[in-house]
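Encoded as structure tokens, the structure appears first; notes follow it.
There are 2 protein chains.
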Amino acid sequence: MTAEGSSGGNRRYDPDRKARIIEATLEVIAVQGVSGTTHRRVAEAADVPLGSMTYHFASLNDLLEQAFLKLTQEIAHHFDVAFQKAQTADEAREVVVDVMCGWYAMTDRKMTLILELYAYVARNPETRHVMTGWMAKSREALERHFPPSVASSLDAMIEGATIHNFMYPDGISREAARIIVAKLSM
Amino acid sequence: MTAEGSSGGNRRYDPDRKARIIEATLEVIAVQGVSGTTHRRVAEAADVPLGSMTYHFASLNDLLEQAFLKLTQEIAHHFDVAFQKAQTADEAREVVVDVMCGWYAMTDRKMTLILELYAYVARNPETRHVMTGWMAKSREALERHFPPSVASSLDAMIEGATIHNFMYPDGISREAARIIVAKLSM
DNA sequence: GACTTATGCGTACAAACGTACATAACGCAA
DNA sequence: TTGCGTTATGTACGTTTGTACGCATAAGTC
Numbered sequence: 002m003t004a005e006g007s008s009g010g011n012r013r014y015d016p017d018r019k020a021r022i023i024e025a026t027l028e029v030i031a032v033q034g035v036s037g038t039t040h041r042r043v044a045e046a047a048d049v050p051l052g053s054m055t056y057h058f059a060s061l062n063d064l065l066e067q068a069f070l071k072l073t074q075e076i077a078h079h080f081d082v083a084f085q086k087a088q089t090a091d092e093a094r095e096v097v098v099d100v101m102c103g104w105y106a107m108t109d110r111k112m113t114l115i116l117e118l119y120a121y122v123a124r125n126p127e128t129r130h131v132m133t134g135w136m137a138k139s140r141e142a143l144e145r146h147f148p149p150s151v152a153s154s155l156d157a158m159i160e161g162a163t164i165h166n167f168m169y170p171d172g173i174s175r176e177a178a179r180i181i182v183a184k185l186s187m
Numbered sequence: 002m003t004a005e006g007s008s009g010g011n012r013r014y015d016p017d018r019k020a021r022i023i024e025a026t027l028e029v030i031a032v033q034g035v036s037g038t039t040h041r042r043v044a045e046a047a048d049v050p051l052g053s054m055t056y057h058f059a060s061l062n063d064l065l066e067q068a069f070l071k072l073t074q075e076i077a078h079h080f081d082v083a084f085q086k087a088q089t090a091d092e093a094r095e096v097v098v099d100v101m102c103g104w105y106a107m108t109d110r111k112m113t114l115i116l117e118l119y120a121y122v123a124r125n126p127e128t129r130h131v132m133t134g135w136m137a138k139s140r141e142a143l144e145r146h147f148p149p150s151v152a153s154s155l156d157a158m159i160e161g162a163t164i165h166n167f168m169y170p171d172g173i174s175r176e177a178a179r180i181i182v183a184k185l186s187m
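Residue numbers (this note's numbering), protein chains in the order written: chain A, 2 to 187; chain B, 2 to 187.
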């Protein structure tokens, strides 16, 4: 009954299915929040039958955790690539400024997902490893350019500035960010 | 059937009921998250009949918004009181350090609630005023002691440091915080 | 081709959900 | 006391939820 697009019969072989479900999960979380993320909505977004949900994932929490893990790995990767391009300390500082306000790929969608992740982890301590893994990678990237104590403060500053800029746009201008980074890293 | 503690008949006059429901809502959010906050659970936590929910609040979102509003007002008040005690710039700096790591009343519960709030606002832009109201008060408190640009950076730093300390305990020590605040405010 | 095994899915089910609404319980005027 | 208008509640309704599971269908083997 669920007439689909292509190939006549019901799709049967579909090796990327699990990855597609995870992708669709992030999409649903971004729009509906964790509280509105259900098996059925994700299944529809990923264009898979409902039965696939419980087949590929042990539970809804399992699904959420894997989705959030993928999110953090992608973001950490972007972060890492950005910092690997920097050669001098000044260039690294400029990358920090980029990240603080604007960010390469920090869309509203991604910010929303991150905030959902924070809330989720706060309430499910067993998923804390998702956060610590992410932070370890960020810290590593920063420590290639700055001493540990500075890296730590820059990390926190990025966190706060990103959230503030999201909640109250035009909070911190680019020039202001540059000054802050200079103060913290000197 | 719902046998209760006191006064024989079913409690009928109860002027603080609405406030108690809001309080109970925060309790439920802290434990179950927004996604697990339902009329029934809040009603049980506040020890009121289910009908009271739709009587006092137009909808579940209405309830959540009022609860979050109360949360931010309380926190902003604590913040304000702390800064009003400070007389000199150095004392104000020390308050910032207090807030960054440890915080007077920043329990895990409250931090969890704040993260739930962020996620909620990100997904419900019509409630953004809860955040802007909060920030205006914080900013005001900070600007009694620091110039606007410094206040802005301290505010963001407090945000980031608080979250980091919550996610990865022992992230920023007290001495480290002192150094950071000095750098940002000089 | 025929047969076996592992993979994937449609469907059903009990529980929990938000909300509406008839009606009960109250304070108060007379 | 009686009557009335307000306030509050119990309950019922139609949906939606997570999850389990029998069965259809594919791949693998000869």
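The C-beta atom is built at its ideal place from N, Cα and C for all residues, glycine as well.
Please read all numbers here as calculations on a predicted model, not as lab measurements.
Proximity winner among the options, relative to residue i (alpha-carbon distances)
{"i": "leucine 70 of chain B", "options": "B:Phe147, B:Tyr56, B:Glu127, B:Met158", "result": "B:Glu127"}
{"i": "alanine 68 of chain A", "options": "A:Arg94, A:Ala152, A:Met132, A:Asp15", "result": "A:Met132"}
{"i": "isoleucine 30 of chain A", "options": "A:Glu92, A:Ala46, A:Met187", "result": "A:Ala46"}
{"i": "threonine 108 of chain A", "options": "A:Arg129, A:His79, A:Gly52, A:Lys86", "result": "A:His79"}
{"i": "leucine 155 of chain A", "options": "A:Phe58, A:Val98, A:Val82, A:Val35", "result": "A:Val98"}
{"i": "aspartate 171 of chain B", "options": "A:Asp171, A:Arg179, A:Thr55, A:Ala157", "result": "A:Ala157"}
{"i": "proline 16 of chain B", "options": "B:Asn125, B:Thr89, B:His57, B:Val35", "result": "B:His57"}
{"i": "asparagine 125 of chain A", "options": "B:Asp81, B:Arg110, B:Ala59", "result": "B:Arg110"}
Contact set for residue i: own chain, Cβ-Cβ below 6 Å, skip 5 residues either direction
{"i": "valine 100 of chain A", "result": "Ile159"}
{"i": "phenylalanine 167 of chain B", "result": "Met112"}
{"i": "asparagine 62 of chain A", "result": "none"}
{"i": "isoleucine 54 of chain B", "result": "First, the residue type needs correcting, since residue 54 of chain B is methionine and not isoleucine in the sequence shown. Closer than 6 Å at Cβ, skipping near neighbours: His40, Ala44."}
{"i": "threonine 38 of chain A", "result": "Val29, Ile30"}
Other residues of its chain near residue i: CB distance less than 8 Å, five sequence neighbours each side excluded
{"i": "isoleucine 173 of chain A", "result": "Met101, Cys102, Ala162, His165, Asn166, Ile181"}
{"i": "alanine 183 of chain A", "result": "Arg94"}
Cβ neighbours of residue i in the same chain (closer than 7 Å, five flanking residues each side left out)
{"i": "proline 50 of chain B", "result": "Ala44"}
{"i": "alanine 77 of chain A", "result": "Trp135, Lys138, Ser139"}
{"i": "alanine 152 of chain B", "result": "Arg140, Leu143, Glu144"}
Euclidean distance between Cα positions of residue i and residue j
{"i": "glutamine 33 of chain A", "j": "tryptophan 104 of chain A", "result": "24 Å"}
{"i": "phenylalanine 84 of chain A", "j": "valine 96 of chain A", "result": "7 Å"}
{"i": "leucine 185 of chain B", "j": "histidine 146 of chain A", "result": "20 Å"}
{"i": "lysine 19 of chain A", "j": "arginine 18 of chain B", "result": "48 Å"}
{"i": "alanine 177 of chain B", "j": "leucine 72 of chain B", "result": "29 Å"}
{"i": "isoleucine 23 of chain B", "j": "glutamate 117 of chain B", "result": "15 Å"}
{"i": "tyrosine 169 of chain B", "j": "alanine 123 of chain A", "result": "11 Å"}
{"i": "glycine 52 of chain A", "j": "arginine 175 of chain A", "result": "49 Å"}
{"i": "lysine 86 of chain A", "j": "glutamate 144 of chain A", "result": "14 Å"}
{"i": "arginine 42 of chain B", "j": "threonine 26 of chain A", "result": "27 Å"}
{"i": "serine 36 of chain A", "j": "glutamate 75 of chain B", "result": "25 Å"}
{"i": "proline 148 of chain A", "j": "arginine 179 of chain B", "result": "17 Å"}
{"i": "methionine 187 of chain A", "j": "methionine 187 of chain B", "result": "12 Å"}
{"i": "glutamate 66 of chain B", "j": "leucine 114 of chain A", "result": "20 Å"}
Three-state class that DSSP yields for residue i in the structure shown
{"i": "glutamine 85 of chain A", "result": "helix"}
{"i": "alanine 59 of chain A", "result": "coil"}
{"i": "threonine 113 of chain B", "result": "helix"}
{"i": "serine 174 of chain A", "result": "coil"}
{"i": "arginine 145 of chain A", "result": "coil"}
{"i": "tyrosine 169 of chain A", "result": "coil"}
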